[in-house]
Amino acid sequence: MSGGATAFPPYADAETEPLDGLYTRTIIDAGDSRVLVPGNTAVVRFTPCGPDCTHWCLECDANSPGFNLYRQGDKWMKTDDDSIVIIDSGSLKGSFASTSGLAYYMTFQLTKIS
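The numbering of the sequence shown is this note's numbering, which starts it at 1 and goes up by one.
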């Protein structure tokens, strides 16, 4: 690109491993939530969806299609009017905050399964 413009999303170091495959998500902290309980686990499937893009799918179906995360330096991120998700690509520790409907947040750890 010319004129100092950068590509969106910014490309990360080639050494950073992409999120791809199955991971266990373990909830670390869920604030005041009575539904999300620390220690609870779920399986998340990540599928590449383009350069520095991966699709998060946790029990996906027609009502819950998942979402895309974009690599921003050493983080995978999703932001929109309803929520923000940030995952550190090195530690695989992440956070999720929702502002739509019942506002809540949680922190979690991802562990690669396959």
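A virtual CB, placed ideally from N, CA and C, is assigned to each residue, including glycine.
A residue is called buried once 16 or more other Cβ atoms fall within 10 Å of its Cβ, and V37, having fewer, is exposed.
For C60, the three-state secondary structure derived from DSSP is coil. The shortest C-alpha to C-alpha distance from P48 to any of G31, Y104, G39 and G66 is the one to G66. DSSP, reduced to helix, strand and coil, places V44 within a strand of the structure shown.
According to DSSP, T54 shares a beta bridge with P48 and L69.
When DSSP states are grouped into helix, strand and coil, R34 belongs to the coil group.
Using a Cβ distance threshold of 8 Å, I87 and W76 count as a contacting pair.
For D81, no beta strand (DSSP E) encloses it, and the DSSP letter there is neither H nor E. When DSSP states are grouped into helix, strand and coil, T99 belongs to the coil group.
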